[in-house]
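Residue numbers (this note's numbering): 118 to 531.
Just so it is clear, CB atoms sit at the ideal spot from N, CA and C, and this is done for glycine as well.
Note that the coordinates shown come from a computational prediction; the quantities given were computed from them, not determined experimentally.
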């Protein structure tokens, strides 16, 4: 509940308090904080994993080996506490203050960020927008689905779905498992997951620096091209992978119960991860095969792991300069003033719901469709999104929220 409400409220608040010239850049900081948190999480998880292997007395006293997952989850409370404390010095939204007839307070907050003249001008525009809405009925959920909202709501929903359906959170949350299936080992997989986090952070900063100059649509278009190419590269890499267990590899799988039974498939080459997993499960049982899947695959697979790393880093970099930060900027700009809160909440709900489904389905997809098929599907969704963005998304750069509302209304009524 806390994360969901923060994800929806933060970009809306930033859009309402920020000057138009730097609003998009400041809204992007919402995504920057998200990727910063992910990067720190990757790094701390790796440290906890290493501390769990240490013989140092303090690591044993703190139980990093026995309670590593509890430590990984527990440390997340620290940034939440810090953010909570900082909220006490965050000013109210000027638009909210104007709606409460506290115009002097709103003007004081505005003049802390822009000149007196610009603040008075924006105050007048906001008041005019609010006055227009006064005679209208209280906003109802059904108003989102009126004909006038058709285009803007469709764009919002498509972008919300597109951000998650290209598989970004699946790549983040299952990165160590994906890398482990390339045969590089568990420690190396966590290190490469850290590299992904750093890549995400760096390219989000790049997006913040260039979103003002290039605009939202160009970033989305070029970012989606990178996403599609990277996903198809990953699909091709896993499609060409080969799986074969040698006698030495089978002998080393001592932690696998009944590993000697794998001798029945010794030297047999499989060109599909699905075929190989099925053969392993047939010999040692499905439960044991799933339990040690990463280890067994790492012993058997022959794949260009560098190509996989390039594909995933390319995907993360492309996402970080496009769908990651730009979605929140669009959410804060696309919707009319009186419907903005409701519309952003609705789009955010869809975004979170799709994220949940994608993460829930990934293990099933890997088990039933395979690595290559899973990444191909993500790439296909990216290609569909690219066509939609190219045709339907208007540019919103450099305009006030009130100007954008007028422009979008004109577009919708054509």
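Inset, instruction - Under the assumption that residue 136 contacts residue 325 (Cβ atoms under 8 Å), give the Cβ distance between them as a whole number of angstroms. - result: 16 Å between Cβ atoms; not a contact.
Legend entry - Contact set for residue 168: own chain, Cβ-Cβ below 7 Å, skip 5 residues either direction: If you ignore the 5 residues before and after residue 168, its C-beta comes within less than 7 Å of the C-beta of 176, 181, all in its own chain and listed in chain order.
Legend entry - CB contact flag (residue 427, residue 400, <8 Å): No. Outside cutoff.
Legend entry - Distance between residue 199 and residue 392 (C-alpha atoms, nearest Å): Going from the Cα of residue 392 to the Cα of residue 199 covers about 49 Å.
Legend entry - C-alpha distance - residue 530 paired with residue 265, whole-angstrom precision: At residue 530, the pLDDT of 44 sits below 50, so the modelled position is not reliable; the number obtained from the coordinates is stated separately. Roughly 7 Å separates the two Cα atoms.
Inset, instruction - Could you please give the first and the last residue of the uninterrupted alpha helix (DSSP H) stretch that includes residue 473? - result: Residue 473 -> alpha helix (DSSP H) spans 457-485.
Inset, instruction - Determine contact between the region 432-446 and the region 273-288, defined as no fewer than three beta-carbon pairs at a distance below 8 Å. - result: Short answer: they touch.
Inset, instruction - Look at residue 342 and residue 471 and say whether their C-beta atoms are less than 8 Å apart. - result: Not closer than 8 Å, so no.
Legend entry - Classification of residue 384 by the beta-carbon crowding that lies within 10 angstroms, buried from 16 upward: Exposed is the call here.
Legend entry - For residue 387, the residue or residues it bridges with in DSSP: DSSP output for residue 387 lists 360 as bridge partner(s).
Inset, instruction - Give every residue of the same chain whose Cβ lies closer than 6 Å to the Cβ of residue 475, excluding the five residues on either side of it in the sequence, and list them in chain order. - result: The beta carbon of residue 475 sits closer than 6 Å to those of 281, 287, all from its chain and outside the five residues before and after it, given in chain order.
Inset, instruction - Just the C-alpha distance for residue 494 and residue 321, rounded to the nearest angstrom, thanks. - result: The alpha-carbon separation between residue 494 and residue 321 amounts to approximately 25 Å.
Inset, instruction - Name the residue from 172, 491, 502, 358 whose alpha carbon lies nearest to the alpha carbon of residue 334. - result: Taking the Cα of residue 334 as reference, the smallest distance to any Cα among 172, 491, 502, 358 is reached at 502.
Inset, instruction - Could you tell me whether the region 238-249 touches the region 406-419, where touching means 3 or more Cβ pairs closer than 8 Å? - result: Verdict: no, contact absent.
Inset, instruction - Between the Cα of residue 208 and those of 262, 123, 131, spot the shortest distance and give me the residue it belongs to. - result: Ranked by Cα distance from residue 208, the options 262, 123, 131 are led by 131.
Inset, instruction - Pair every Cβ in the region 346-362 with every Cβ in the region 459-469, then say whether three or more of these pairs are closer than 8 Å. - result: The region 459-469 and the region 346-362 do not touch, with fewer than three beta-carbon pairs separated by less than 8 Å.
Inset, instruction - Consult DSSP for residue 231 and reduce its assignment to one of helix, strand or coil. - result: Residue state for residue 231 is assigned as coil, using DSSP reduced to three classes.
Inset, instruction - On a CA-only basis, which of 512, 221, 404 is nearest residue 446? Give me that one, please. - result: When each option's Cα is compared against that of residue 446, the closest is 512.
Inset, instruction - Measuring alpha carbon to alpha carbon, tell me which of 194, 197, 357, 212 ends up nearest residue 488. - result: When each option's Cα is compared against that of residue 488, the closest is 357.
Legend entry - CB of residue 338 within 8 Å of CB of residue 506, strictly: Contact: yes.
Legend entry - Check whether residue 462 and residue 128 have beta carbons under 8 Å apart: Not in contact: residue 462 and residue 128 (Cβ atoms no closer than 8 Å).
Inset, instruction - List the whole-angstrom C-beta distance separating residue 398 from residue 387, where the pair is believed to meet the contact cut-off of C-beta under 8 Å. - result: Contact between residue 398 and residue 387 is absent: CB atoms are separated by about 13 Å, not below the 8 Å threshold.
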